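Trainee:
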Amino acid sequence: MGRELISRRAALAAVAGLSAVGGCLDDRHCQTIVDATETVERRGLRVYDADAEPGQRLYVQLRRIDGPPARLSVFDPNEEPLVERRDVDRIERVIDTVETGTYSVVTENDSSTEVGQWVTTVAVYRGWCPDVF
Numbered sequence: 007m008g009r010e011l012i013s014r015r016a017a018l019a020a021v022a023g024l025s026a027v028g029g030c031l032d033d034r035h036c037q038t039i040v041d042a043t044e045t046v047e048r049r050g051l052r053v054y055d056a057d058a059e060p061g062q063r064l065y066v067q068l069r070r071i072d073g074p075p076a077r078l079s080v081f082d083p084n085e086e087p088l089v090e091r092r093d094v095d096r097i098e099r100v101i102d103t104v105e106t107g108t109y110s111v112v113t114e115n116d117s118s119t120e121v122g123q124w125v126t127t128v129a130v131y132r133g134w135c136p137d138v139f
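Start counting the sequence shown at 7; every next residue gets the next number (our numbering).
1) Thinking just about the alpha-carbon of each residue, which of E120, C135, W134 and V128 is nearest to the one in V46?
2) Within 10 angstroms of its Cβ, does G122 collect 16 or more other Cβ (buried), or is it exposed?
3) Round the Cβ separation of V66 and V111 to the nearest angstrom and send it over; I've been treating them as touching at under 8 Å.
4) Is T45 close to chain B, meaning its C-beta is less than 8 Å from at least one C-beta of that chain?
5) Let's test the definition: count the other Cβ atoms within 10 Å of the Cβ of T127 and tell me whether it reaches 16, buried, or not, exposed.
6) Pick out the complete beta strand (DSSP E) segments inside the segment 55–96, 3 residues or longer, and give them in chain order.
7) Give every residue of the same chain whose Cβ lies closer than 7 Å to the Cβ of R48, excluding the five residues on either side of it in the sequence, and list them in chain order.
8) Taking C-alpha atoms, which residue in G50, D55, E44 and A42 lies nearest to V130?
9) Confirm, please, whether the CB-CB distance from T43 to A76 is below 8 Å.
10) Buried or exposed: which applies to I71, given that a residue is buried once 16 or more other Cβ atoms fall within 10 Å of its Cβ?
11) L68 and W134: beta carbons closer than 8 Å?
12) Can you list, in chain order, the residues of its chain whose CB lies under 8 Å from that of L51, leaving out five sequence neighbours each side?
13) Do you know offhand how far T103's Cα is from V40's?
14) Give the DSSP-derived three-state secondary structure of W134 in the structure shown.
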């Protein structure tokens with residue numbers, strides 16, 4: 007049997023991958039705020055607050071299942087908008103956080119006649135997170 011050679015780059019990539027996976031095992035590095043299907047009444051909204059630190063990522067995914075499209079907004083700790091989208095059927099965003107504080111994700115049903123149903127995932131992570139990938 008011969009030995010298989012492995013490049014230094016492949017070895018470093020494997021170690022980095024394991025470190026990222028290991029980081030997710032600690033709740034401080036991967037926190038899922040919501041991962042659910044929700045029904046939002048006419049003119050209703052949902053607010054998801056996520057505490058984050060610089061260097062973490064805020065993951066936001068929304069997918070319409072039934073009813074009208076959604077409005078999606080993401081605000082930084084100073085309540086400045088980072089994302090504002092209307093008529094969303096599907097969206098996925100990864101936002102690099104640059105300051106400590108509470109980031110808010112808001113989903114809204116602008117319709118006055120229809121109930122909306124959306125799958126929403128919001129997570130804060132560093133490295134790798136199972137609800138994101």
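Just so you know, even glycine gets a beta-carbon here, dropped at the ideal spot from N, CA and C.
Keep in mind it's a predicted model, so treat the numbers as computed, not measured.
Mentor: Straight from the coordinates:
1) Nearest neighbour of V46 by Cα position, chosen from E120, C135, W134 and V128, turns out to be E120.
2) A buried status is given to G122, since no fewer than 16 other beta-carbon atoms sit within 10 Å of its beta-carbon.
3) That belief holds up - the Cβ atoms of V66 and V111 are roughly 6 Å apart, short of 8 Å.
4) This model lacks chain B altogether; it includes just one protein chain.
5) Classification of T127: buried, given that the 10 Å Cβ count is 16 or more.
6) Listed in chain order, the complete beta strand (DSSP E) runs (minimum 3 residues) inside the segment 55–96 are 63–72, 76–81 and 87–94.
7) N115, S117, S118, T119, E120 and V121, listed in sequence order.
8) Ranking the options by Cα distance to V130, first place goes to D55.
9) No. Outside cutoff.
10) Of the other Cβ atoms in all chains shown, fewer than 16 fall within 10 Å of the Cβ of I71; this residue is therefore exposed.
11) In this structure, L68 keeps its C-beta atom at 8 Å or more from the C-beta atom of W134.
12) Result list for L51: V112, T113, E114 and N115, in chain order.
13) T103 and V40: Cα-Cα distance of roughly 18 Å.
14) Reduced to three states, the DSSP call for W134 is coil.
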